[in-house]
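In the working numbering, the protein residues as written are 234 to 691.
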């Protein structure tokens, strides 16, 4: 008797793998190249060094994604997880790089932090029982809402663009959004599932004659380029830099935990403690590898979680193909430059759909929680409020110490920790009941590790 293949392990036809994989790449590309651009420009690096950082980033993004999806021994969750450079690390890296340490000090801290987190991954893996639907739904909702401002800024032309907010930018983004909705609603089967890809391609084609795109950098890019270890010099290990990066990695692993649990909810795949440990171990190993190959810390990309919910395509092999495409982009800079020419408003129109889907998935997960108990409502209310502070008022924590803002400026991490603590307070640490959760108060169901039932075989 043959057992049915879980959608996560399904192998689709080659042309579908390529189309869906390209869609994932386009969804995360802008975020992937943003971190090296921000850090490099803050350090006033020359253009050729910026290009090198981007190529190295894309190459390791691809390798990290392949490790997560395919798995190598105990490295990789074997889930459809797209990997990219963590935005949490930007501020500490800029401080390290601009206060005398330079890139070698950044890479020394990244390597040490990555190796340390490889050892700590099993500790995080054991925390999965503290993520019932009450917690995971809250975190997933915050992930989606936190990402929406990114899509809105893209729709307006991209942060810092001279024509930010121009009606033509918003009109182009709105057109892409309408097209994605129309494709999703009216086209059949396979075509509806690549609605984001079709929207991005069509939007880019429309943008060309309207003057939105700039392909001048494509001709200037090298055809082939390979990142070599320690291109910018041997790593330097400074104590303060290492401590800062360790804090960054704790925050990044908290976010990755939320993303892995979100993917478990969307795909119907049960998340065991070992699955979580293996996924976090891959995160950490990729970070250490990034320090060797001239790039930065890696984490799961939440924007691609939205695509899973939107397209209903749950195969990890699709995302593995996306990883392979990123490797190609990293090895052939001219291809990466072509993708980079996609206008920000086009990405914004598609991003509103994708990131909104993440938030909607969180709300769906919260529907499994019993809100008859006011304690559960309180947990969600406070966690959402804390998590959305950096979204509503980005400068709220500006006067706090840098080490504190690494955590607080990440609304996702703050919401995650708040939800866990409040869930323990209201549902586990009950007077007269020891540490057992009171019945009907949102505690994890015994048959699952993360409140996600195993899918039926029908």
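Ideal Cβ placement from N, Cα and C applies to all residues, glycine included.
In the DSSP assignment, the beta strand (DSSP E) including residue 317 goes from what residue to what residue?
316 to 318
Environment of residue 544 [buried if 16+ CB atoms lie within 10 Å]:
buried
Taking only the alpha-carbon atoms, compute the straight-line gap between residue 578 and residue 475 and give it to the nearest angstrom.
38 Å
With DSSP as the reference, identify every bridge partner of residue 533, one or two as the case may be.
316
Alpha carbon to alpha carbon, how far is residue 413 from residue 574? Give it in angstroms, no decimals.
20 Å
Which partner residues does residue 305 have in the DSSP bridge list?
For residue 305, the beta-bridge partners assigned by DSSP are 308.
Given residue 521, which residues of its chain have a CB within under 6 Å of its CB, disregarding the five upstream and five downstream residues?
344, 347, 348
What's the gap between the Cα of residue 319 and the Cα of residue 387?
19 Å
Would you decide whether residue 596 is buried or exposed? Buried here means 16 or more other CB atoms lie within 10 Å of its CB.
Taking a 10 Å sphere around the C-beta of residue 596, we find fewer than 16 other C-beta atoms and assign the residue as exposed.
Within 10 angstroms of the Cβ of residue 247, are there 16 or more other Cβ atoms? Answer buried if so, exposed if not.
exposed
Cβ neighbour criterion (16 or more within 10 Å) applied to residue 455:
exposed
Roughly how many angstroms lie between the CA atoms of residue 605 and residue 494, to the nearest whole one?
In a straight line, the C-alpha of residue 605 is about 24 Å away from that of residue 494.
Determine the DSSP secondary structure at residue 471, reduced to helix, strand or coil.
coil
Considering only the alpha carbon of each residue, which of 241, 279, 548, 268 lies closest to residue 291?
268
Tell me the DSSP secondary structure of residue 630 in three-state form.
Assignment of residue 630 by DSSP, reduced to helix, strand and coil, places it in the coil class.
Between the CA atoms of residue 286 and residue 314 - distance to the nearest angstrom
23 Å
Beta-carbon proximity of residue 532 to residue 321, cut-off 9 Å:
yes
Quick one: using the 10 Å Cβ neighbour count with 16 as the cut-off for buried, is residue 311 buried or exposed?
Of the residues assessed, residue 311 falls on the buried side of the cut-off, its CB having 16 or more other CB atoms within 10 angstroms.
Give me the Cα-Cα distance between residue 585 and residue 323, rounded to the nearest whole angstrom.
24 Å
Suppose you measure from the CA of residue 281 to the CA of residue 481; what does that come to, to the nearest Å?
Using only the alpha carbons, I get a separation of about 28 Å.
Alpha helix (DSSP H) runs wholly inside the stretch 361 to 394, at least 4 long, in chain order
366 to 388
Since residue 245 and residue 551 are thought to touch, with beta carbons under 8 Å apart, how far apart are those beta carbons, to the nearest angstrom?
Right, their Cβ atoms sit about 7 Å apart.
Answer yes if the stretch 292 to 306 comes into contact with the stretch 546 to 563, meaning at least three C-beta pairs across the two stretches below 8 Å, and no otherwise.
yes
So, do the stretch 625 to 638 and the stretch 460 to 468 have three or more beta carbon pairs nearer to each other than 8 Å?
No, they do not touch.
Would you give the residue range spanned by the alpha helix (DSSP H) that residue 428 belongs to?
428 to 440
Nonlocal neighbours in the same chain, by C-beta distance under 7 Å from residue 653, ignoring five residues either side
363, 368
Between the C-alpha atoms of residue 503 and residue 370, what's the straight-line distance to the nearest angstrom?
Residue 370 has its alpha-carbon roughly 15 Å from the corresponding atom of residue 503.
Checking 9 Å against the spacing of the C-beta atoms, do residue 383 and residue 264 come in under that value?
yes
Contact check, residue 510 vs residue 355, beta carbons under 9 Å:
yes
Per DSSP, what kind of secondary structure is residue 594 in: helix, strand or coil?
helix
Just how far apart, CA to CA, sit residue 393 and residue 656?
40 Å
Can you look up residue 575 in the DSSP assignment and give me helix, strand or coil?
Three-state result, residue 575: coil.
According to DSSP, is residue 666 helix, strand or coil?
Because the pLDDT of residue 666 is 47, which lies under 50, any placement of that residue in the model is unreliable, and the question is left without a value.
With a Cβ-Cβ cutoff of 9 Å, do residue 649 and residue 487 count as a contact?
yes
Within 10 angstroms of the Cβ of residue 600, are there 16 or more other Cβ atoms? Answer buried if so, exposed if not.
exposed
Between the CA atoms of residue 557 and residue 451 - distance to the nearest angstrom
Straight-line measurement puts the Cα of residue 557 at about 21 Å from the Cα of residue 451.
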